[in-house]
Every structure is written in C-alpha cells, then in structure tokens.
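Asks:
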Amino acid sequence: MESMNVLNSKYEPVIGLEIHAQMNTASKAFCGCSTDFHSSPNTNICPVCLGYPGALPALNEMLVDSILKMGIATSCRVREESIFARKNYFYPDLTKGYQITQFETPICHGGFLKINLKNNETKKIGITRIHMEEDAGKSIHDFHDDSSLIDFNRCGVPLIEIVSEPDMNSVDEATRFLQKIKQTLVYLEINDGNMEEGSLRCDANISVRIKGDKKLGTRTEIKNLNSFKNVSDAVSAEIKRQISLIESGEKVSYNTMTYNAKDKKTTATRSKEEAHDYRYFPEPDLVKVKVTKEKIENIKSILPELPEQKVMRYVTEFKLPSADAEEISHDKDFAGYFERVVSELKLKNENNYRTAGNILRTDVRKVLNDRKISISEFTVSAKVLAGLAESVTSGSISASASREVFNEILFGNTDDEQIKILENSLKKYSQVSDTGKIESLVKKILEENPEEVKRYKIGEKKLAGFFVGKIMQESKGKANPKIVNELLIKNLED
Amino acid sequence: MNSTPKSFSEINSGLNSRSLTCVKLVNSYLENIQSQKDLNVFINLFEEDALKRAVEIDGRLKAGTAGKLAGMVISVKDVISVKDKPLTCASKILSGYNASYNATVIDRLLEEDAIIIGKTNCDEFAMGSSNENSFYGPVKNPVDKTRVPGGSSGASAVSVASDMCLLSLGSETGGSIRQPASYCGITGLKMTYGRLSRYGLVAFASSFDSIGIFGNNSSDIAVLLEVIAGIDKMDSTSSNEPVKNYSAILKNNIDPAKVKIGYAKEYFEEGLDSDIKNGILLQLDKLKKEGFEIREISLPHSRYVIQTYYILTSAEASSNLSRYDGVRYGYRSQNSSSLEEMYINTRSEGFGEEVKRRIMLGTYVLSAGYYDAYYRKAQKVRRLIMNDFENAFKEVDFIVSPTTPTTAFKLGEKVDDPLSMYLNDIYTASVNLAGIPAISIPAGKDRNNLPFGLQIMGKKFDEAGLLAMWNEIKY
Ligand SMILES: [Zn+2]
Chain H
1 MESMNVLNSK
11 YEPVIGLEIH
21 AQMNTASKAF
31 CGCSTDFHSS
41 PNTNICPVCL
51 GYPGALPALN
61 EMLVDSILKM
71 GIATSCRVRE
81 ESIFARKNYF
91 YPDLTKGYQI
101 TQFETPICHG
111 GFLKINLKNN
121 ETKKIGITRI
131 HMEEDAGKSI
141 HDFHDDSSLI
151 DFNRCGVPLI
161 EIVSEPDMNS
171 VDEATRFLQK
181 IKQTLVYLEI
191 NDGNMEEGSL
201 RCDANISVRI
211 KGDKKLGTRT
221 EIKNLNSFKN
231 VSDAVSAEIK
241 RQISLIESGE
251 KVSYNTMTYN
261 AKDKKTTATR
271 SKEEAHDYRY
281 FPEPDLVKVK
291 VTKEKIENIK
301 SILPELPEQK
311 VMRYVTEFKL
321 PSADAEEISH
331 DKDFAGYFER
341 VVSELKLKNE
351 NNYRTAGNIL
361 RTDVRKVLND
371 RKISISEFTV
381 SAKVLAGLAE
391 SVTSGSISAS
401 ASREVFNEIL
411 FGNTDDEQIK
421 ILENSLKKYS
431 QVSDTGKIES
441 LVKKILEENP
451 EEVKRYKIGE
461 KKLAGFFVGK
471 IMQESKGKAN
481 PKIVNELLIK
491 NLED
Chain S
495 MNSTPKSFSE
505 INSGLNSRSL
515 TCVKLVNSYL
525 ENIQSQKDLN
535 VFINLFEEDA
545 LKRAVEIDGR
555 LKAGTAGKLA
565 GMVISVKDVI
575 SVKDKPLTCA
585 SKILSGYNAS
595 YNATVIDRLL
605 EEDAIIIGKT
615 NCDEFAMGSS
625 NENSFYGPVK
635 NPVDKTRVPG
645 GSSGASAVSV
655 ASDMCLLSLG
665 SETGGSIRQP
675 ASYCGITGLK
685 MTYGRLSRYG
695 LVAFASSFDS
705 IGIFGNNSSD
715 IAVLLEVIAG
725 IDKMDSTSSN
735 EPVKNYSAIL
745 KNNIDPAKVK
755 IGYAKEYFEE
765 GLDSDIKNGI
775 LLQLDKLKKE
785 GFEIREISLP
795 HSRYVIQTYY
805 ILTSAEASSN
815 LSRYDGVRYG
825 YRSQNSSSLE
835 EMYINTRSEG
845 FGEEVKRRIM
855 LGTYVLSAGY
865 YDAYYRKAQK
875 VRRLIMNDFE
885 NAFKEVDFIV
895 SPTTPTTAFK
905 LGEKVDDPLS
915 MYLNDIYTAS
925 VNLAGIPAIS
935 IPAGKDRNNL
945 PFGLQIMGKK
955 FDEAGLLAMW
965 NEIKY
C-alpha cells in the first residue's frame with residue numbers, strides 16, 4: 001500500500017457532524033424538574049419525566065428561546081410552525097419508551113457557520129437543521145455485578161441537535177467547526193460548552209472519495225464522541241480505515257461505529273440491516289410550536305454579541321491586530337476579563353489597549369495553562385492588571401520588568417494586597433530597569449563636578465561616596481544605589 | 495337495595511333539611527355496592543376513605559364551609575390517577591402500582607368536596623367494547639346479567655345505573671362512554687377534545703382520549719362539569735375556551751324553532767338493528783312535532799371511520815403503552831436472563847390479548863415502509879372526516895343518530911370475533927376522530943326489553959347544547 005501521505009492526497013474525506021448540546025435552562029424540557037447536574041441521583045424527578053401512567057409533557061418555553069438564539073446566530077430559517085415527534089425504542093433509561101424530539105419539521109433549518117482555516121481563509125459550513133429534543137437517563141452498569149442502576153436526573157433535560165451538511169473535508173475542519181459551534185453556544189449563554197460533563201456530545205458521519213469525484217462514498221457514523229481529542233482521533237482513524245478498505249479492493253458498508261480511545265480504532269456496532277426502526281410519528285401530547293415574527297425580532301434584539309462581532313469591535317474600537325482580537329475573543333469569559341481591564345484603564349488609548357491585550361495573551365494565558373484553571377478562577381483583579389498595563393505603556397517600567405511585576409502580583413490574595421504589591425514592585429523595577437535614566441543622572445553629576453572628578457581620577461577614591469550622594473539626591477531617592485555605584489564606577493574609570 | 499336520591503338537587507335539599515348526611519348517603523351506596531357484588535363493578539373500593547371524608551364534609555356542611563360538590567359521590571374509572579391509590583387500568587401489568595399524584599380533574603373535584611367511592615372496572619387500558627377485557631374479570635349488565643354492559647367504561651355506567659354513586663367519571667377514545675350508556679339505559683356525555691384536562695388520564699390514544707361523565711340528569715352533569723372543565727397547564731392539548739355556566743344555560747328552555755337537527759343517512763344503513771332504527775326515527779318524528787327543524791345531511795366519509803379509527807388509535811397506543819416495560823413500576827416477569835427477555839416476558843405476560851393485538855397493529859402501521867400507506871393516509875382521512883362535520887355543522891346545530899347498531903350482546907358472544915366487536919364503534923368513533931362532543935341518551939327498548947341510546951353530536955364546546963337537548967328527549 002502506498003504511504004498514508006500519498007493516499008491522503010489521493011482521497012478526500014467528507015465529514016458531517018451531529019452535535020447534541022444540552023441547553024442550560026433552569027428546568028427540564030417538558031416538566032418543572034431542575035436540570036442541576038450536581039444533584040444526588042434520582043432527586044430531580046417527577047411523574048412527567050419518569051413517564052408515570054397518565055402524566056403529560058408541557059413544553060418549557062425557555063427551550064424554544066434557547067434554540068431560536070442558536071438558529072438565528074447561525075443564519076437558519078425558522079419555521080413558524082413545527083411539531084414534536086416520538087422516536088420509539090426500548091431502553092431502561094428511556095422512561096416513556098420513546099424520546100420526544102423533532103423529526104420532519106425541525107424548528108430551525110438551512111443555516112451556516114464560518115470557520116477560519118489554517119491559511120487564514122474562511123469556509124462556510126452548512127447547517128442542515130437544528131431541532132429540540134429531550135435527554136435520556138443515565139445507566140450505571142459497573143456498580144453491582146448482577147444489576148444496573150439508573151439515574152433519571154438527566155431524563156428530560158433539554159437538548160438541541162445541530163446537524164451540519166457534509167461540508168468538512170479534513171479532520172482539522174471538523175474540529176474547527178465543532179470548536180466554532182461550542183464557541184457560539186457559549187457566547188449565546190445557552191450551553192456551558194463542557195464536553196467532559198456531557199453537555200456537548202458529537203456524532204460524526206464520514207465517507208471518503210477520490211479527490212475530484214462528485215459522488216459521495218458510502219458513509220459510516222461514529223456515535224457519542226465526548227471530547228475534542230476523541231473527535232479528531234476517531235475521525236482520522238475512520239478515514240484511515242475507509243481508505244485502507246478501498247485500497248485493498250473492498251467496499252465501505254453503511255455502519256454505525258464506536259470509537260475506542262485506548263487502541264484508537266473504530267469498530268462497527270450496527271449494520272444498516274440491524275438499524276432500529278424508530279417508528280417516528282407526531283407527538284400527540286404536545287401542540288404545534290408556533291413562532292411569531294415578533295418573537296424572532298425579540299430574540300434578535302436580546303442576542304448577545306457573537307464571536308465575529310466581538311473581533312470586529314476589538315479591531316475597530318480598540319485597534320487591536322485582528323489576530324490578537326481573535327485570540328482574546330476565542331473564549332467569551334476571557335474576552336469579558338479583557339473588557340473589564342479596558343474599563344479600568346485611566347487612559348483610554350490604543351497603546352494601553354494593546355498592552356493590556358498583550359499581557360492577557362501571554363502572561364495571563366500562561367498562568368491559566370500552568371495552573372489548568374479558567375479565567376473565572378484567575379485571582380488578579382482587572383483594576384490591578386490595568387495599572388500594570390499603564391505602567392508599561394507610560395514607560396515607567398519595561399516590558400520585561402512587567403512580567404516580573406506580574407509574577408509578584410500573583411502572590412497577592414486580596415485586591416488591596418495586589419495593589420500594594422503593584423505599587424511596591426513598580427518602585428523596585430523602575431529603579432532597576434531605568435539604567436538609561438540613572439546613567440544620564442550619573443553623567444550630569446560628573447559634568448557638574450569636574451574638580452572632584454579630577455581628584456578621584458588621581459586617586460581620591462573616597463569621593464565615590466560624594467558622587468553617590470549627589471546622584472541619589474538628584475533622583476529623589478528612587479535610583480537604585482547598586483546600579484548607581486556600578487554606573488558611576490564605569491563612567492569614572494573609562 | 496337502598497333507593498338513593500336520583501339527583502344532586504334532591505341530595506342538597508336532604509342535606510339542607512338535615513334529613514340526609516353524607517355519611518348516610520355513602521353508607522347507602524356502599525350497601526348497594528355490597529348487594530350487587532356479582533356485577534363486578536369496582537376494582538378498588540374506597541370504603542374507609544369515603545366514610546372518613548363524609549364525616550369531614552358533614553362537619554363542613556354544618557359550619558357552612560363545604561365546597562360546591564359536597565354530597566356528590568362519584569365513582570372513577572380505573573384509568574384515572576388518584577393519589578396514593580392503586581391505578582390498574584384493569585391490567586396485570588400495573589399490579590402493585592400506586593399513583594403518586596392526582597389527575598387534574600380529581601384535584602378539582604376533591605377541592606370542591608366531592609367524594610370518590612372507588613375505582614371502577616373497565617376494559618384493559620380502555621381497549622374494548624364489552625368490559626370483558628379486564629384482568630379483574632368481566633362486568634355484568636344490571637339490565638340482564640347474562641349480557642355485557644358495553645365498554646370500555648362499562649363498570650362506570652353500571653355504577654350509576656345501579657345506584658352505587660350519583661355520577662361516574664369514565665373515559666372515551668371511540669365511544670367508551672356513549673356505548674355503555676346506551677347498553678345500560680343511562681346517559682353518558684363525551685366532552686369536546688380539550689375541554690377536560692387529560693393530565694392523569696392514562697393514555698390510550700392521546701389525540702382521541704377524553705374524560706366523560708355518566709349521570710342521571712343534565713343539571714348534575716352541568717354542576718360537575720363547571721368544576722372540572724377548563725385549561726390546565728399540565729395538559730398542552732387542553733383548551734383555553736372559557737368554561738360556560740352550564741347550570742344557568744340549562745335553566746332556559748330551548749326554542750325548537752331556532753334549532754336545526756340533522757340526521758345523516760349514512761348512520762341508518764345496513765347493520766343497524768331495526769328496533770333501534772325505528773326507535774330513533776320515532777324520536778326524530780317527536781322532535782319534528784315539537785317544532786324542531788329536521789334536515790337530512792351527509793357525512794360522506796363515514797364508511798372510512800372504523801379503519802381510520804383503528805389505525806390511528808392503535809398507532810398511538812403502541813407508543814403510549816411502551817412505558818409499561820417492567821423497569822420502574824408494575825409487573826415484572828421474573829426469571830429472565832437478559833434485558834430483552836425481561837421486556838418480552840413482562841409485556842407478554844402483563845398485557846391481555848386485545849391490548850397486544852392493538853400494540854402489534856399500531857407498531858405495524860408505524861413501521862418503515864408502511865407508515866405512508868397506513869398512518870399518514872389515515873391522518874388525511876381523519877382530516878376529511880373532520881371536514882364532513884365542519885360542513886354539516888354549517889347547516890345544522892346538532893346531528894342525531896343511533897349510539898350503537900345493536901343492544902347489549904351476550905357475555906362471551908364476541909370475544910373471539912374482534913372485527914364484529916370493533917363494528918360496535920361505528921356510530922361513535924367518528925366523534926372522537928373529529929374531536930366534537932356527543933351524548934348518548936336513553937331512547938327506547940328493543941323486543942327483548944333491552945335499552946338503546948340516541949346519540950346527539952354537537953359543535954365543538956357546545957356541551958351546554960347537548961345537555962339542553964337531553965331535556966327534550968323523552969320516551
Ligand atoms: Zn420531571
């Protein structure tokens with residue numbers, strides 16, 4: 001077989017994603033139970049989500065608002081009327097024997113999102129549909145040997161499913177798209193973006209074809225990918241598997257796959273023939289979901305700023321380089337911190353904005369990475385950071401000294417402590433860093449006292465103390481005596 | 495047997511004059527239940543609770559703080575959820591299940607001091623026309639104990655017909671109140687779809703199901719309806735149409751000159767017993783003599799009613815009944831070695847034959863490859879049947895027909911002939927397809943002295959009109 005590199009340029013993968021995102025509404029999709037993720041098992045339950053005889057679902061309007069935000073943010077068309085459907089299958093954590101979802105009439109459809117590619121180009125990825133559905137409970141199989149446990153807290157938690165067009169042609173594009181979906185959800189404040197806790201899950205549809213072919217190859221679907229790493233590893237493993245099959249003269253068959261992160265392999269779990277017949281039909285317990293034009297306008301008017309809009313604003317308002325703007329706004333909370341720093345600046349000017357941005361992108365980012373914490377857990381106040389940025393811009397400390405100051409500020413536990421550390425260390429580092437200033441002071445004092453210089457040069461070394469005194473007086477005590485000494489000796493000796 | 499008051503107003507005057515107490519009343523009903531045990535009416539009798547409540551309500555009556563329904567003793571079909579009581583749906587599969595909440599209608603009637611005397615037998619999950627499909631045994635018709643009372647709310651009808659309570663809450667999916675009312679010689683009202691909250695009514699076919707009432711006279715039903723009707727946030731399909739003051743409306747007599755009554759020729763064709771046909775035509779004649787305008791109308795899609803009804807209700811039922819899987823409550827088959835086996839054994843052992851037949855039929859019509867030919871097509875026909883009624887009600891105010899093609903048949907007679915059993919619904923199921931209200935009123939007796947009913951169908955939310963028309967039908 002040819003090397004994978006050669007094959008990669010011969011074949012083109014075609015990838016589509018189905019992303020399930022948990023909506024962070026306070027209550028479940030069809031009952032009043034809390035969606036709190038951290039509650040003890042089987043405490044957020046009621047007759048409705050447990051599927052007790054006679055109980056009926058009632059739609060949580062907040063779910064409609066949430067999905068409309070996503071639909072509008074991704075330029076989808078919104079159906080004035082859509083219906084729910086039942087997806088029928090048996091599983092112990094599915095209390096009613098069916099999942100309430102949307103089938104033939106998803107509320108949002110026909111939208112897109114733009115992703116940035118490596119080469120700084122952008123690519124439009126189509127969004128086929130976004131619909132509402134409910135989550136199932138959680139089965140726990142490894143607690144007892146002879147029985148399984150079920151936690152129904154998650155049962156009925158609202159989800160939206162975002163289905164993309166098969167518009168991605170590399171693993172990189174797929175992960176960038178997923179990243180963009182996550183970013184958009186988090187910006188809209190409808191999902192916490194936490195893949196580890198399962199609030200964002202992804203299925204990937206993959207096929208490969210010879211580059212230039214118009215016809216799509218047979219696709220497979222990898223289910224339940226729950227981290228970015230899993231998505232990228234699983235998709236590349238599956239692309240490799242399909243290429244190898246085709247290269248060895250075999251055919252790819254339509255299968256549902258699972259990905260095993262241990263051996264980095266995808267394996268078939270279900271063939272098309274074994275596929276479930278979900279017997280979808282309109283959910284008769286719920287009425288049509290009606291969305292008025294006024295409602296759409298209303299949602300539009302309360303839509304938070306989206307990533308692209310933020311980047312644009314940072315470039316135009318703060319005059320940040322667009323790469324810096326992208327980097328800062330990648331994470332909404334991080335951008336929020338940046339904006340708080342900006343608002344604390346005494347002098348609102350481009351230089352201060354840019355310096356603040358630089359400190360955030362480098363020093364703050366490094367702390368977050370090293371400590372594996374999020375910006376919300378970062379303890380330095382925006383006010384202190386603004387002070388630091390201004391000291392750098394004004395030239396009272398150097399850029400390199402700013403890192404030292406920053407590191408010292410990190411030791412401060414309270415705002416007041418941090419401010420004190422900042423003030424003290426500014427003093428300290430402005431002495432050390434300002435060798436130029438000290439040198440000119442030294443030169444000035446030597447020029448003003450030519451007699452004493454002559455006497456020093458012929459051996460009256462104790463006059464050094466006289467010069468130091470004069471220099472310190474001139475610098476109002478701020479000059480670092482050690483540097484003054486060094487520079488004085490240097491200037492007297494040559 | 496005790497003779498018990500036949501109307502709520504009679505009860506009220508007894509309570510007011512202190513010649514009657516709730517305790518006395520409940521005791522009389524309990525004695526009647528006891529003396530007619532062979533009818534097999536109750537799955538669960540709330541003897542102690544009912545008496546305890548009667549004492550409390552008697553106290554409130556003395557204090558002048560009793561609710562509107564104080565003195566009203568009601569039986570409830572065992573497909574409606576009453577908190578802390580077993581809810582069986584007459585099925586083995588719900589063995590051991592105790593309801594954890596009240597249906598909305600139950601909450602509302604308890605709030606106004608009605609007394610629930612017990613849960614009545616019925617066809618399993620309300621599927622049937624004879625009340626023979628019950629895990630708790632068949633119910634007998636008090637008119638002739640060798641005959642069925644009709645179904646599925648058979649025992650609810652019997653409880654009213656046999657003075658075991660004043661009123662009964664039943665449920666309908668395709669005639670399950672009107673048909674037993676007809677067979678037992680009493681009146682049953684099926685409400686407009688959405689008029690009463692379905693929250694707590696165990697679903698058979700969600701887009702058809704509605705709770706209904708059996709009673710002895712229009713004003714009793716009016717009083718109860720005023721209390722339990724109205725929108726409910728727990729049921730999205732409940733209507734926000736304002737609840738009428740039915741009692742006040744009933745005080746005014748109908749002016750026959752202002753009322754047009756239609757009869758559909760499709761409801762008087764082949765298969766209708768001649769005694770019933772003559773009886774209904776006689777009633778139409780009487781109405782004409784009283785000054786009502788009688789007009790022939792057409793419901794052209796009537797011959798598709800049964801097929802459409804069984805396809806759609808079975809489809810919904812197959813999904814609605816999926817929750818009975820042995821995992822969380824009710825019956826679970828022991829000795830299964832895998833999850834799938836547990837499902838199969840539980841559901842095979844827990845459900846009766848008729849329920850399984852409908853689950854299979856419903857699963858089939860929803861299956862890939864058959865959905866369009868059956869389910870989707872049936873939905874379209876349902877629309878056409880609705881249109882038939884909409885058009886008819888542009889011409890007339892009410893439509894009169896027989897309730898059933900025959901009078902009560904013998905126990906066991908049709909058990910092995912589901913198709914002929916299904917034909918019992920031929921005049922009633924169209925009403926559920928269209929979501930309109932209808933009432934079955936006693937209209938005569940056949941050559942064997944068995945009662946039959948006259949059905950009046952009305953415009954959506956015209957329950958008041960149907961109750962008023964009841965007062966015009968005398969035989
Ligand atoms: Zn709940």
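Sequences listed follow chains H and S, in order.
As numbered in our numbering, residues 1 to 494 make up the first sequence, in order.
As numbered in our numbering, residues 495 to 969 make up the second sequence, in order.
From the three backbone atoms N, C-alpha and C, an ideal C-beta is built for every residue, glycine too.
Owing to the predicted nature of the structure, the values given are computational and were not obtained by experimental measurement.
Could you please tell me which residues of the stretch 681-695 of chain S, in chain order, have their CB closer than 7 Å to any CB of chain H?
Replies: Listed in sequence order: Arg692, Tyr693, Gly694, Leu695.
Asks: How far does the beta strand (DSSP E) with glutamate 538 of chain H in it extend, from its first residue to its last?
Replies: Since the first residue shown for chain H is 1 and the last is 494, residue 538 of chain H is missing from the structure and cannot be characterised.
Asks: List in chain order: all unbroken beta strand (DSSP E) runs of 3+ residues lying wholly within the stretch 37-94 of chain H.
Replies: Complete beta strand (DSSP E) runs here, min 3: 85-88.
Asks: What's the C-alpha gap between leucine 878 of chain S and valine 859 of chain S?
Replies: Distance between the alpha carbons of leucine 878 of chain S and valine 859 of chain S is about 20 Å.
Asks: Just to confirm, are serine 653 of chain S and threonine 614 of chain S a CB contact at a threshold of 8 Å?
Replies: Yes. Within cutoff.
Asks: Kindly examine ligand 1 and report whether one of its heavy atoms sits closer than 7 Å to the Cβ of valine 48 of chain H.
Replies: Because some heavy atom of ligand 1 lies under 7 Å away, the Cβ of valine 48 of chain H counts as near it: yes.
Asks: Can you tell me whether isoleucine 468 of chain S sits near ligand 1, meaning its C-beta is under 7 Å from at least one heavy atom of the ligand?
Replies: Beyond the ends of chain S as shown, which are 495 and 969, falls residue 468 of chain S; an answer cannot be given.
Asks: Rounded to whole angstroms, how far is the Cβ of glycine 846 of chain S from the Cβ of asparagine 627 of chain S, which I believe are closer than 8 Å?
Replies: Indeed, because the Cβ distance is near 5 Å, the residues count as touching under 8 Å.
Asks: Between alanine 872 of chain S and leucine 961 of chain S, which are expected to be in contact by the criterion C-beta below 8 Å, what is the C-beta distance as a whole number of angstroms?
Replies: Contact doesn't hold; Cβ gap of about 32 Å is too wide.
Asks: Let me make sure I understand the geometry here. Which of S/Gly682, S/Val717, S/Tyr677, S/Thr667 has the alpha-carbon closest to that of serine 701 of chain S?
Replies: When each option's Cα is compared against that of serine 701 of chain S, the closest is S/Thr667.
Asks: Given the structure, does glycine 137 of chain H come close to ligand 1, in the sense that its CB is under 7 Å from one of the ligand's heavy atoms?
Replies: No, Cβ of glycine 137 of chain H sits at least 7 Å from all heavy atoms of ligand 1.
Asks: In three-state terms, what does DSSP make of glutamine 673 of chain S?
Replies: In this structure, glutamine 673 of chain S counts as helix in the three-state DSSP scheme.
Asks: Taking beta-carbon pairs under 9 Å, can you tell me which members of the stretch 816-831 of chain S lie near chain H?
Replies: Cβ contacts with chain H come from Ser816, Arg817, Tyr818, Asp819, Val821, Arg822, Tyr823, Gly824.
Asks: Taking a cut of 9 Å between CB atoms, which residues from the stretch 48-67 of chain H lie near chain S?
Replies: Of all residues in the stretch 48-67 of chain H, Val48, Leu50, Gly51, Tyr52, Pro53, Gly54, Ala55, Leu56, Pro57, Ala58, Leu59 have a Cβ within less than 9 Å of some Cβ in chain S.
Asks: Provide the residue(s) that pair with lysine 290 of chain H in DSSP beta bridges, ordered along the chain.
Replies: Lysine 290 of chain H is bridged to H/Glu81.
Asks: Please classify lysine 457 of chain H: is it buried, with 16 or more other beta-carbons within 10 angstroms of its beta-carbon, or exposed?
Replies: Burial call: exposed.
Asks: Under a three-way DSSP split, which group does valine 890 of chain S fall into?
Replies: Note: valine 890 of chain S maps to coil in three-state DSSP.
Asks: With distances taken between CB atoms, is the gap from asparagine 226 of chain H to asparagine 153 of chain H smaller than 8 Å?
Replies: No, Cβ-Cβ distance for asparagine 226 of chain H and asparagine 153 of chain H is not below 8 Å.
Asks: Got a sec? Which residues, its chain only, sit under 6 Å from serine 676 of chain S by beta carbon, not counting five neighbours each side?
Replies: Hits under 6 Å: Thr897, Thr898, Ser934, Phe946, Gly947.
Asks: Which chain S residues sit within Cβ distance under 7 Å of arginine 284 of chain H?
Replies: The sequence given here has proline at residue 284 of chain H, not arginine. Simply Ser700, Ser701, Glu810.
Asks: Should cysteine 991 of chain S be flagged as near chain H, meaning a C-beta pair shorter than 8 Å?
Replies: Residue coverage of chain S in this structure runs from 495 to 969, which leaves residue 991 of chain S outside it and unanswerable.
Asks: If you follow the beta strand (DSSP E) that valine 721 of chain S is in, where does it begin and where does it stop?
Replies: Segment 712-722 is the alpha helix (DSSP H) holding valine 721 of chain S; no beta strand (DSSP E) there.
Asks: Would you say the beta carbon of glycine 952 of chain S comes nearer than 7 Å to a heavy atom of ligand 1?
Replies: The answer is no for glycine 952 of chain S.
Asks: So which residues of chain S does glutamate 406 of chain H contact, with C-beta pairs closer than 8 Å?
Replies: Here residue 406 of chain H turns out to be phenylalanine, not glutamate, going by the sequence shown. Near phenylalanine 406 of chain H there are no residues of chain S at all, since even the closest Cβ is about 55 Å away, more than 8 Å.
Asks: At a cut-off of 7 Å, is glycine 156 of chain H close to ligand 1 when judged by its beta-carbon and the heavy atoms of the ligand?
Replies: Glycine 156 of chain H Cβ: within cutoff of ligand 1.
Asks: Tell me which residue opens and which closes the beta strand (DSSP E) that arginine 209 of chain H is part of.
Replies: Here the beta strand (DSSP E) through arginine 209 of chain H covers 200-210.
Asks: Would the beta-carbon of threonine 640 of chain S fall within 8 Å of that of lysine 904 of chain S?
Replies: Yes.
Asks: Kindly indicate the opening and closing residues of the beta strand (DSSP E) around serine 164 of chain H.
Replies: Note, serine 164 of chain H: beta strand (DSSP E), 158-164.
Asks: Under 7 Å: does the beta carbon of lysine 214 of chain H sit that close to some heavy atom of ligand 1?
Replies: Not under cutoff, so the answer is no.
Asks: Using DSSP with H/G/I as helix, E/B as strand and the rest coil, what is lysine 939 of chain S?
Replies: Strand at lysine 939 of chain S.
Asks: Check whether the stretch 154-161 of chain H touches the stretch 133-141 of chain H, counting contact only when three or more Cβ pairs, one atom from each stretch, lie closer than 8 Å.
Replies: In short, these stretches touch, since the Cβ pair count reaches three.
Asks: What first and last residue would you give for the beta strand (DSSP E) that runs through methionine 951 of chain S?
Replies: Unbroken beta strand (DSSP E) run through methionine 951 of chain S: 945-952.
Asks: In terms of DSSP beta bridges, what is aspartate 638 of chain S paired with?
Replies: S/Asn635.
Asks: Under 8 Å between C-beta atoms, does aspartate 729 of chain S make it to chain H?
Replies: For aspartate 729 of chain S, the answer is yes, since a Cβ of chain H falls inside 8 Å of its Cβ.
Asks: Using a C-beta cutoff of 8 Å, does tyrosine 595 of chain S count as contacting chain H?
Replies: Yes, tyrosine 595 of chain S counts as interfacial toward chain H.
Asks: If the cut is a Cβ gap below 8 Å, which residues of chain C does threonine 857 of chain S touch?
Replies: Note that chain C does not occur in the displayed structure, where the protein chains are H and S.
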